[in-house]
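Asker: Counting the sequence shown from 1 gives a position; my numbering is that position plus 888.
C-beta atoms are modelled at their ideal positions from N, C-alpha and C, and glycine is treated no differently.
Remember, it's a predicted structure, so these values are computed and weren't measured experimentally.
This is the structure I have questions about; it appears just below.
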Amino acid sequence: MTITRRSSTMLATEISAETASTNDTANTEVRQPRRDSGLKTWLKVMNASLSALEDTVWQGRDLAEKALRAWRDMEAGVELAKEEYEAIRREATQWPARLSRLSKTGWMLTRLTTSYRFWGTRSAFLPRHKMETALNALHRENAIRFRDTSLEHGGAFLKVGQLLSARADLLPQPWIDELQILQDKARPETFTTIRDHIEASLKQPLEELFLEFDPEPIAAASIGQVHKAVMHDGRQVAVKVQRPGLSELIDLDMALLKLFVNSIASLLPPTDMDTITAEIERTLREELDYRGEARWMSHIGARLKDVPGIVVPKVIGTLSNRTILVTEFVQGNNFANELDQRKAAGDHAGVSDLLGRLLDVYLRQVLNFGVFQADPHPGNFLVTENNELVLLDFGCTMELSAQFRSGYLKVLGAALVDDNEQIAASLEALGFRTRSGKPDTLLAFSNALLNQIRNAAMNMGSGRMVWPTTEDMLREGERLFALAEQDPVDKLPAEFIMLARVFTTIGGLFVHYKPDMDVNRYLLPHLIGPAFEAVR
889 MTITRRSSTM
899 LATEISAETA
909 STNDTANTEV
919 RQPRRDSGLK
929 TWLKVMNASL
939 SALEDTVWQG
949 RDLAEKALRA
959 WRDMEAGVEL
969 AKEEYEAIRR
979 EATQWPARLS
989 RLSKTGWMLT
999 RLTTSYRFWG
1009 TRSAFLPRHK
1019 METALNALHR
1029 ENAIRFRDTS
1039 LEHGGAFLKV
1049 GQLLSARADL
1059 LPQPWIDELQ
1069 ILQDKARPET
1079 FTTIRDHIEA
1089 SLKQPLEELF
1099 LEFDPEPIAA
1109 ASIGQVHKAV
1119 MHDGRQVAVK
1129 VQRPGLSELI
1139 DLDMALLKLF
1149 VNSIASLLPP
1159 TDMDTITAEI
1169 ERTLREELDY
1179 RGEARWMSHI
1189 GARLKDVPGI
1199 VVPKVIGTLS
1209 NRTILVTEFV
1219 QGNNFANELD
1229 QRKAAGDHAG
1239 VSDLLGRLLD
1249 VYLRQVLNFG
1259 VFQADPHPGN
1269 FLVTENNELV
1279 LLDFGCTMEL
1289 SAQFRSGYLK
1299 VLGAALVDDN
1309 EQIAASLEAL
1319 GFRTRSGKPD
1329 TLLAFSNALL
1339 NQIRNAAMNM
1349 GSGRMVWPTT
1359 EDMLREGERL
1369 FALAEQDPVD
1379 KLPAEFIMLA
1389 RVFTTIGGLF
1399 VHYKPDMDVN
1409 RYLLPHLIGP
1419 AFEAVR
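Put into structure tokens, the structure is as follows:
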């Protein structure tokens, strides 16, 4: 019997035909920024959900056919058929969880989409002074739904939630508040699971690989968890082990991320969401290969080895592979805890020194090395008893092309002398585009980002920073949002996505702790010389 697959493309074509007349009418009207047909959006999400389900079902059918062929080969005595059948059996055991993941996340996204779909109708009957409160309540309710689903399913889906929690430039504040809880929430795998994975991957019993191995993880994250161990030569090491089965779920989780973005796109600042989601997918896939992390960790560690007060743990290459990373163990206090303790003790100079060194190490990576660790979450840094700053987790690392680095330096150099014409030309050369083609929105955003740099360079006498208040930031955010609505940024260079993530996170730490520091001491050695060279 032949079964013909009815593709999601056919379904999309049917939906498109059903809504064609609606689209034609909409195209003749004046375009309303950030407004889309609720029906169209809902149909797109439902179509994508059905497509994901359809793909999953057909993959399951293919798996069943492979199992049947392998079983027949075993009966016929074909060599290696038993091994193939065992591999298929192991894959089949993952399917109940995969289907559960799809159904639960799909239902969550459907509820989320529907709630936003009807927000336009609800808000029409609310007094203006109550609309913002009601919308924030809706944001918080949906953020909790998304957060709880991320915690339940973990893995790549949890990682997506963690990535989004650092994007205050993309999501409403209630979403950021709820998703930040995900940063320190990940259920550890059992020791049996970890042991089996290590032994299967390195093809040796755990006792032959390590003299001691702590069964309790010292850290558990969305992608993997870390155990402390002692090698047979006495060296203390950190063993990072990837959660089994993540690579099989990445396609499904990325499809779900795109569903999520589609469902709330009309409520986000108008921007290049395709590039942003593509960059999240790229970094997520790279994080699943620990060999890349080992390579970048060794590379950046070598570049920083002569910088006083900075430590990057050394990689033990003989015990590291795609899903296992072994490095030297460095004892230290969590970065955020250290900052809080110093602040509570009234050690403002200590807080300022620590944040200054964090800024310095990122300026070195971005402006001097052209490669940087792109996940500056406080959990990825430690502070030792000797006041050394330890950099961890290079799974998300970005290398800047020579062309982008040169263009970025030109932007910074032009910012120092307040040359808006050069800033606009450099941003366009980097690949930034507004819908109108005019530079006004780009200049507004770049000036907002670079004003602190310009002020620091101009105040050569002290270089002391005056940190904005929360009210100042809200007013500036509203101004920029209004500009983005009038003339959205339709195209962003991929490199900028990670740079924005880094400096948004670091900027958040600075605004929170308000260090009293001579910015010129950290900034100018890395900025003025290279920037003016790039402008020439």
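(1) How long is the line joining the alpha carbons of Glu1174 and Leu1014, rounded to whole angstroms?
(2) Quick one: what's got a C-beta closer than 7 Å to Asp1375's C-beta in the same chain, skipping five residues either side?
(3) Just checking my contact of Phe1217 with Ala1126 at CB under 8 Å: how many whole Å lie between their CB atoms?
(4) Hey, Val1271 and Glu1226 are a contact pair by Cβ (cut 8 Å); roughly how many whole angstroms apart?
(5) Do Thr1211 and Lys1202 have their C-beta atoms within less than 9 Å of each other?
(6) To the nearest angstrom, report how far apart His1414 and Leu1137 are at their CA atoms.
(7) Please state the DSSP three-state secondary structure of Met996.
(8) Could you spell out where the beta strand (DSSP E) holding Gln1124 opens and where it closes?
(9) Let me know the secondary structure DSSP gives Phe1217 once reduced to three states.
(10) Just reading off the alpha helix (DSSP H) that Gly1112 is part of, what are its end residues?
(11) With DSSP collapsed to three states, give me the class of Leu1059.
(12) Inspect the beta-carbon positions of Trp1063 and Leu1052 and report whether they are closer than 9 Å.
(13) According to DSSP, what are the bridge partners of Asn1222?
(14) Nearest to Lys1146 by CA position, among Phe1292, Thr1021, Gly1205, Glu1167, is which residue?
(15) Determine whether the beta carbon atoms of Leu1318 and Pro1381 lie at a separation below 9 Å.
(16) Have a look at Trp1007 and Thr1021 and give me their C-alpha separation to the nearest angstrom.
(17) What residue range does the alpha helix (DSSP H) around Asp1443 cover?
(18) Which residue's Cα is closest to the Cα of Ala1025: Glu1040, Asp1036, Tyr1004?
(19) Alpha carbons only, please: which of Val1048, Lys1091, Leu1023, Gln1092 is nearest the one belonging to Gln1061?
(20) Is it buried or exposed, Gln1113, if we count other Cβ atoms within 10 angstroms and call 16 or more buried?
(21) In angstroms with no decimal places, state the Cα-to-Cα distance between Leu1251 and Leu1297.
(22) Which residue marks the beginning of the beta strand (DSSP E) containing Glu1287, and which one marks its end?
(23) Does DSSP put Ala1108 in a helix, a strand or coil?
(24) Determine the direct distance from the alpha carbon of Ile1198 to that of Thr1393, and round the result to whole angstroms.
(25) Determine the extent of the beta strand (DSSP E) in which Lys1379 is found, giving its start and end residues.
(26) So what does DSSP say about Val1305, is it helix, strand or coil?
(27) Can you name the start and end residues of the alpha helix (DSSP H) that Phe1398 belongs to?
(28) Which stretch, first to last residue, makes up the beta strand (DSSP E) that contains Leu1279?
(29) Starting from Phe1079, follow the alpha helix (DSSP H) in both directions and report where the run begins and ends.
(30) Just curious, the alpha helix (DSSP H) that Leu1099 is in, first and last residue?
(31) When you compare only the Cα positions, how much space is there between Leu1304 and Ser1089?
(32) Using three-state DSSP, classify Val1254 as helix, strand or coil.
(33) Between Leu1059 and Val1048, what straight-line distance do the alpha-carbon atoms span, to the nearest angstrom?
(34) Spell out a yes or no on whether the stretch 1093-1107 and the stretch 1242-1258 are touching, meaning 3 or more CB-CB pairs, one atom from each, closer than 8 Å.
(35) Helix, strand or coil for Ala980, going by three-state DSSP, please let me know.
(36) Do the stretch 1261-1277 and the stretch 1231-1249 meet, that is, are 3 or more Cβ pairs less than 8 Å apart?
Answerer: Let me lay it out:
(1) By 1-based counting over the sequence shown, the position of residue 1174 is 286. By 1-based counting over the sequence shown, the position of residue 1014 is 126. In a straight line, the C-alpha of Glu1174 is about 46 Å away from that of Leu1014.
(2) As a first step, residue 1375 must be located in the sequence shown, where it is residue number 487. Answer for Asp1375: Thr1322, Arg1323, Ser1324, Lys1326, Asp1328, Thr1329, listed in chain order.
(3) Taking the first residue of the sequence shown as position 1, residue 1217 is located at position 329. Taking the first residue of the sequence shown as position 1, residue 1126 is located at position 238. About 5 Å; that satisfies the 8 Å criterion.
(4) Within the sequence shown, the letter at position 383 stands for residue 1271. Within the sequence shown, the letter at position 338 stands for residue 1226. Right, their Cβ atoms sit about 4 Å apart.
(5) Working through the sequence shown from its first residue, we reach residue 1211 at position 323. Working through the sequence shown from its first residue, we reach residue 1202 at position 314. Taking 9 Å as the Cβ cut-off, Thr1211 and Lys1202 do not qualify as a contacting pair.
(6) For the purposes of this step, residue 1414 is taken as residue 526 along the sequence shown, with counting starting at 1. For the purposes of this step, residue 1137 is taken as residue 249 along the sequence shown, with counting starting at 1. C-alpha separation (whole angstroms): 41 Å.
(7) If you number the sequence shown from 1, residue 996 lands on position 108. Reduced to three states, the DSSP call for Met996 is helix.
(8) Within the sequence shown, the letter at position 236 stands for residue 1124. Element bounds for Gln1124: 1124-1130.
(9) Taking the sequence shown and counting its residues from 1, one reaches residue 1217 at position 329. Phe1217: coil per DSSP, three-state reduction.
(10) Here residue 1112 corresponds to residue number 224 of the sequence shown, with the count starting at 1. Careful: Gly1112 lies outside any alpha helix (DSSP H), inside the beta strand (DSSP E) at 1112-1118.
(11) Taking the first residue of the sequence shown as position 1, residue 1059 is located at position 171. Coil, per DSSP.
(12) The residue you call residue 1063 lines up with position 175 of the sequence shown. The residue you call residue 1052 lines up with position 164 of the sequence shown. Yes, the pair counts as a contact, with Cβ atoms nearer than the cut-off.
(13) Taking the first residue of the sequence shown as 1, we reach residue 1222 at position 334. Checking the DSSP bridge columns, you'll see Asn1222 partnered with Leu1270.
(14) For this step, residue 1146 is matched to residue 258 along the sequence shown. Out of Phe1292, Thr1021, Gly1205, Glu1167, Glu1167 has the C-alpha closest to the C-alpha of Lys1146.
(15) Here residue 1318 refers to the residue found at position 430 when the sequence shown is read from its first residue. Here residue 1381 refers to the residue found at position 493 when the sequence shown is read from its first residue. A contact, by the Cβ cut-off of 9 Å.
(16) Within the sequence shown, residue 1007 is the residue found at index 119, counting from 1. Within the sequence shown, residue 1021 is the residue found at index 133, counting from 1. The straight-line gap separating the alpha-carbon atoms of Trp1007 and Thr1021 is approximately 13 Å.
(17) It is not possible to answer for residue 1443, since the shown part of the chain is limited to 889 through 1424.
(18) As a position in the sequence shown, residue 1025 is number 137, starting the count at 1. If we check each option's Cα against that of Ala1025, Tyr1004 comes out closest.
(19) Locating residue 1061 in the sequence shown gives position 173, where the first residue counts as 1. When only C-alpha atoms are compared, the closest one is Leu1023.
(20) The residue labelled residue 1113 in the question sits at position 225 within the sequence shown. Answer is buried; the Cβ neighbour count reaches 16.
(21) Numbered from its first residue, the sequence shown carries residue 1251 at position 363. Numbered from its first residue, the sequence shown carries residue 1297 at position 409. Their backbone Cα atoms lie some 12 Å apart in a straight line.
(22) Numbered from its first residue, the sequence shown carries residue 1287 at position 399. It spans 1285-1287 - the beta strand (DSSP E) in which Glu1287 sits, taken as one unbroken run.
(23) Residue 1108 sits at position 220 when you count from the first residue of the sequence shown. Strand at Ala1108.
(24) Locating residue 1393 in the sequence shown gives position 505, where the first residue counts as 1. Locating residue 1198 in the sequence shown gives position 310, where the first residue counts as 1. In a straight line, the C-alpha of Thr1393 is about 20 Å away from that of Ile1198.
(25) If you number the sequence shown from 1, residue 1379 lands on position 491. In the DSSP annotation of this structure, the continuous segment of the beta strand (DSSP E) that includes Lys1379 starts and ends at 1377-1379.
(26) Taking the first residue of the sequence shown as 1, we reach residue 1305 at position 417. Val1305 falls in the coil class under three-state DSSP.
(27) Locating residue 1398 in the sequence shown gives position 510, where the first residue counts as 1. Start and end: 1382-1401.
(28) Taking the first residue of the sequence shown as 1, we reach residue 1279 at position 391. Element bounds for Leu1279: 1277-1279.
(29) Reading the sequence shown from its first residue, position 191 is the one you call residue 1079. Taken as a continuous stretch (DSSP letters only), the alpha helix (DSSP H) holding Phe1079 covers 1079-1090.
(30) Taking the sequence shown and counting its residues from 1, one reaches residue 1099 at position 211. Element bounds for Leu1099: n/a, residue is neither H nor E.
(31) Start at 1 with the first residue of the sequence shown, and residue 1304 comes out as number 416. Start at 1 with the first residue of the sequence shown, and residue 1089 comes out as number 201. About 52 Å.
(32) Start at 1 with the first residue of the sequence shown, and residue 1254 comes out as number 366. Val1254: helix per DSSP, three-state reduction.
(33) Position 171 of the sequence shown, counting from 1, holds the residue named residue 1059. Position 160 of the sequence shown, counting from 1, holds the residue named residue 1048. A straight line joining the alpha-carbon of Leu1059 with that of Val1048 spans about 13 Å.
(34) Judged by Cβ distances under 8 Å, the stretch 1093-1107 makes no contact with the stretch 1242-1258, as fewer than three pairs qualify.
(35) Taking the first residue of the sequence shown as 1, we reach residue 980 at position 92. Residue placement at Ala980 cannot be trusted, given a pLDDT of 46 that sits under 50; what the coordinates show is reported in the next sentence. If DSSP states are grouped into helix, strand and coil, Ala980 belongs with the helices.
(36) Touching, yes.
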